[in-house]
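J.: Got a structure for you, written out below as structure tokens; questions coming shortly.
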Amino acid sequence: MTESVSANSEVTVLLVDDNPQNLKVLYETLKDKGYRLLIANEGEKALDLAHRHQPEVILLDIMMPEMDGYEVCQRLKADPATADCAVVFLSALDDLQAKVKGFSLGGADYISKPFQSLEVIARVKTHAQVIRLERQLQARNRELQSDQTRILNSISEGIYGLDEHGNIEFVNPAAALIARSTVDELVGRNFFELHFPDSQESDTLPVQATCRQGVAENQRNIPMARVDGSRFPAEYRATPKLDNEELHGAVVVFRDITTDLENEAALEEAQALVQEQRDQLAHTSRLTTMGEMAAGFAHEVNQPLTAITNYARVAKRIMSKQEAPDMSLLAETMDKIEAQSHRASEIIRRIRRFVKKPATGKEILSVPALLEDTRQFAEVDMRNNEGGIELMVPDALPDVLADPIQVQQVALNLIRNALEASRSASVVQPVKVSAELDGAGCVRVQVRDHGVGLPEDAEEKLFLPFYTTKSDGMGIGLATCRSLIQAQGGDIGFDRPEDGGACFYFTLPVAGEERALSAANGAE
């Protein structure tokens, strides 16, 4: 008998019987049910069709010449291509032993002759659905396993699967590459003996607590050995393998961080160089400011020196008199000389402190004292620009943590800009310098003028290096100010007051708040 196939079917059913009449009955029963039907009248042909088409259901007669149904079933189950087929035995035998034998060989069901159409239809439908679902599940599992394998093989980090003793059960290609070995050579080796050969007596080996106690680990810059004996710095994460809360070892994900450490060292070196250049730029900016203010300071220092000269002449005249000198007048004159000396010394002290390169590190600063010192320093510009400086700072303002020289540099730069803007607008209103607590964590310092105001594109350009609105400016002042304030952990910006002019501000962290914030960030 030849093979018969129904069109457009999803499920394949193989009918096997040496009796043509029985085959015809089965075929007529199932032909309109949407199945793809195959027909064989003897065992060898049934095996060949089953191997080529892998049917979901096989209706298999037991009593056949040459090769009975039991042998056909046994050989079907031995072939991986047909092992999952549902074999339903057909037989007139109705004894228990025949059924038990059929089930023991892998049979799925049993239909007694003569056939009942509804029974055949129902049993085929049930088994076809079960096998179809099982095959879909197996296909999905194979896809997942294939996806998992591709993912594991594509990961650049090494992955080990270890048992509770640290023996390697699984290795991905990246792990073999890092270890300078092959996957097959690594499987079965002991993780601790392989990667930590000099520390076998230690009870604190990396990953050991994960394998034995189920404690997850994550460590960085741990020296690990390769198969060839060379060593590399590693970062690893170890996660316990659990099955129903029972520990079965660990999964270790690790990588060679040699390049990372080299890059980090290079980055630190570059950051140090950038910071050095920033400090140099800030120092250059201070020297430039001093150059601009040099004539004023020369006049400022010359005044007490001239007074000292005059008072010294007076003292000499008092002492050169023939009669007894007026000691009271002489003492008063000497006191004035001392006072003018202190005045000149204070001016020079402020200049030297402002010009010098600041020592690294921050100090706890009193904002009122710092701003008053800056105001006095700006007195030369105040006279040159025919403007005044009004300082409004509450006494109860909390201290801040910052570099005093750098903060004074920023404040002086903003005050000088404000004085110049006021002169350009020919206004007589003083520049107002104020400070207030801004929230709980910082102090806000403001410099307000009624000058010419700011250009429309100030938001985009004002703090950029080499951008300036002055005809003789270099454009490094505000850019340097932003760098200095950000280094203190603060912020800098400006507002446009409704009544004209400009208001620049910067913030500094309150002394205790910065330390508390640093501690909180470290704890996270």
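Residue numbers (our numbering): 594 to 1117.
Beta carbons: idealized from backbone N, C-alpha and C, even for Gly.
(1) Nearest by alpha-carbon distance to I930: which of L866, A917, E786, T902 is it?
(2) Extract the residue ranges of the alpha helix (DSSP H) inside the region 765 to 792, only unbroken runs of 4 or more that lie entirely within it.
(3) Exposed or buried, what is L608 when buried is set at 16 or more other beta-carbons lying within 10 Å of its beta-carbon?
(4) Would Q1002 be called buried (16 or more neighbouring beta carbons within 10 Å of its own) or exposed?
(5) Please classify K955 as buried or exposed, where buried requires at least 16 other C-beta atoms within 10 Å of its C-beta.
(6) In whole angstroms, give me the CA-to-CA distance for L798 and F789.
(7) Using 8 Å for Cβ pairs, my map puts N615 next to D661. What's the rounded Cβ distance?
(8) Hey, G1105 and D1042 are a contact pair by Cβ (cut 8 Å); roughly how many whole angstroms apart?
(9) For my contact list, G820 and S774 are in at a C-beta cut-off of 8 Å; report their separation, rounded to the angstrom.
(10) Check whether the Cβ atoms of P918 and E983 sit closer than 8 Å, and answer yes or no.
(11) Identify the continuous beta strand (DSSP E) that holds E659 and give its terminal residues.
(12) Taking V1026 as the reference, which of E869, Q969, P991, S913 has the closest Cα?
(13) Taking the alpha carbon of L770 as the point to measure from, which residue in L1012, F1097, A1028, I748 has its own alpha carbon closest?
(14) So for E757, helix, strand or coil by DSSP?
(15) Any idea what DSSP makes of F696, helix, strand or coil?
(16) Can you give me the C-alpha to C-alpha distance between E778 and A767, rounded to a whole angstrom?
(17) From the DSSP output, in three-state form, read off D928 for me.
(18) Along the alpha helix (DSSP H) that carries E965, what are the first and last residues, could you check?
(19) Express the C-alpha separation of R716 and Q722 in angstroms, rounding to a whole number.
(20) Are the Cβ atoms of T675 and A643 separated by less than 8 Å?
(21) Run through the DSSP bridge pairs and tell me what P826 is partnered with.
(22) Is DSSP giving H841 helix, strand or coil here?
(23) Report the rounded CA-to-CA distance for Q1079 versus L923, giving the unit in angstroms.
(24) On the criterion of 16 or more Cβ atoms from any shown chain inside 10 Å, does Q864 qualify as buried, or is it exposed?
(25) Have a look at I651, G627, Y628, K624 and flag the residue whose alpha-carbon is nearest the alpha-carbon of G1150.
(26) For the structure I just gave you, are there three or more beta carbon pairs, one from the region 992 to 1011 and one from the region 1097 to 1104, closer than 8 Å?
(27) Provide the residue span of the beta strand (DSSP E) that contains C1096, from first to last.
(28) From this set, T803, L866, E855, which residue's C-alpha is nearest L835's C-alpha?
(29) Give a yes or no on whether the C-beta atoms belonging to R830 and V846 are separated by under 8 Å.
(30) Going by DSSP in three states, T899 sits in which element: helix, strand or coil?
(31) Ordered along the chain, which non-local residues of its own chain (more than five positions away) have a Cβ less than 7 Å from that of M657?
(32) Apart from the five residues on each side of it in sequence, which residues of its chain come closer than 8 Å, Cβ to Cβ, to Y663?
(33) On the three-state DSSP scale, how would you describe P1027?
(34) Tell me whether P1048 sits in a helix, a strand or coil according to DSSP, three-state version.
(35) Would you grab the beta carbon distance between G807 and P826 for me? Rounded to a whole angstrom, and I think it's under 8 Å.
T.: Taking the structure as given:
(1) Counting from one through the sequence shown, the residue named residue 930 turns up at place 337. The shortest C-alpha separation from I930 is found at T902.
(2) If we require 4 residues or more, the alpha helix (DSSP H) runs fully inside the region 765 to 792 come out as 766 to 772, 776 to 779, 784 to 788.
(3) One-based indexing of the sequence shown puts residue 608 at position 15. Classification for L608: buried.
(4) Position 409 of the sequence shown, counted from the first residue, corresponds to residue 1002. Its Cβ being crowded by 16 or more others within 10 Å, Q1002 is buried.
(5) If you number the sequence shown from 1, residue 955 lands on position 362. With 16 or more other Cβ atoms within 10 Å, it is buried.
(6) By 1-based counting over the sequence shown, the position of residue 798 is 205. By 1-based counting over the sequence shown, the position of residue 789 is 196. Near 8 Å, if we compare the C-alpha coordinates of F789 and L798.
(7) Here residue 615 corresponds to residue number 22 of the sequence shown, with the count starting at 1. Here residue 661 corresponds to residue number 68 of the sequence shown, with the count starting at 1. Incorrect: roughly 15 Å between the Cβ atoms, too far for contact.
(8) What you label residue 1105 is simply residue 512 of the sequence shown in a count that begins at 1. What you label residue 1042 is simply residue 449 of the sequence shown in a count that begins at 1. Contact flag wrong, Cβ pair sits at about 33 Å.
(9) Sequence index remark: in the sequence shown, residue 820 carries index 227 (1-based). Sequence index remark: in the sequence shown, residue 774 carries index 181 (1-based). The question names Gly, but residue 820 in the sequence shown is Val. Between S774 and V820 the Cβ distance is about 4 Å, and since that is below 8 Å, they are a contact.
(10) In the sequence shown, counting from the first residue as 1, residue 918 sits at position 325. In the sequence shown, counting from the first residue as 1, residue 983 sits at position 390. Their beta carbons are not under 8 Å apart, which means P918 does not touch E983 by this criterion.
(11) On the sequence shown, position 66 is the one that residue 659 refers to. Careful: E659 lies outside any beta strand (DSSP E) and carries neither H nor E.
(12) Sequence index remark: in the sequence shown, residue 1026 carries index 433 (1-based). Checking every option, the nearest Cα to that of V1026 belongs to Q969.
(13) Against the sequence shown, residue 770 aligns to sequence position 177. Residue I748 is the option with its Cα nearest to L770.
(14) On the sequence shown, position 164 is the one that residue 757 refers to. Coil at E757, not helix or strand.
(15) Translated into positions along the sequence shown, residue 696 becomes position 103. Here F696 sits in helix by DSSP.
(16) To locate residue 778, count along the sequence shown from 1; it is residue 185. To locate residue 767, count along the sequence shown from 1; it is residue 174. Distance between the alpha carbons of E778 and A767 is about 14 Å.
(17) Taking the first residue of the sequence shown as 1, we reach residue 928 at position 335. The answer is helix: DSSP assigns D928 an H, G or I state.
(18) If you number the sequence shown from 1, residue 965 lands on position 372. Here the alpha helix (DSSP H) through E965 covers 960 to 970.
(19) Sequence index remark: in the sequence shown, residue 722 carries index 129 (1-based). Sequence index remark: in the sequence shown, residue 716 carries index 123 (1-based). If you take the alpha carbons of Q722 and R716, they lie about 10 Å apart.
(20) Residue numbering aside, residue 675 sits at position 82 when the sequence shown is read from its first letter. Residue numbering aside, residue 643 sits at position 50 when the sequence shown is read from its first letter. In this structure, A643 lies closer than 8 Å to T675 by Cβ.
(21) Locating residue 826 in the sequence shown gives position 233, where the first residue counts as 1. Answer is P816, bridged to P826.
(22) Your numbering for residue 841 matches position 248 in the sequence shown. H841 falls in the strand class under three-state DSSP.
(23) Numbered from 1 along the sequence shown, position 486 holds the residue referred to as residue 1079. Numbered from 1 along the sequence shown, position 330 holds the residue referred to as residue 923. Taking the straight line from one Cα to the other gives about 54 Å.
(24) Numbered from 1 along the sequence shown, position 271 holds the residue referred to as residue 864. It is exposed - the Cβ of Q864 has fewer than 16 other Cβ atoms within 10 Å.
(25) Residue 1150 lies beyond the stretch modelled for the chain, which goes from 594 to 1117, so this question has no answer here.
(26) yes
(27) Looking up residue 1096 in the sequence shown gives position 503. Its beta strand (DSSP E) spans residues 1095 to 1102.
(28) Taking the sequence shown and counting its residues from 1, one reaches residue 835 at position 242. It is T803.
(29) In the sequence shown, counting from the first residue as 1, residue 830 sits at position 237. In the sequence shown, counting from the first residue as 1, residue 846 sits at position 253. Contact: yes.
(30) Residue numbering aside, residue 899 sits at position 306 when the sequence shown is read from its first letter. In the structure shown, T899 sits in a helix (DSSP, three-state: H, G or I).
(31) Numbered from 1 along the sequence shown, position 64 holds the residue referred to as residue 657. Same-chain partners within the cutoff: D611, E635, G636.
(32) Start at 1 with the first residue of the sequence shown, and residue 663 comes out as number 70. For Y663, where only same-chain residues beyond five positions count, the Cβ hits under 8 Å are I655, K694, G695, L698.
(33) Looking up residue 1027 in the sequence shown gives position 434. The question names Pro, but residue 1027 in the sequence shown is Ser. Here S1027 carries a strand assignment [DSSP, helix/strand/coil].
(34) Along the sequence shown, one-based indexing puts residue 1048 at 455. If DSSP states are grouped into helix, strand and coil, P1048 belongs with coil.
(35) Reading the sequence shown from its first residue, position 214 is the one you call residue 807. Reading the sequence shown from its first residue, position 233 is the one you call residue 826. Rounded, the Cβ-Cβ distance is 26 Å, inconsistent with contact.
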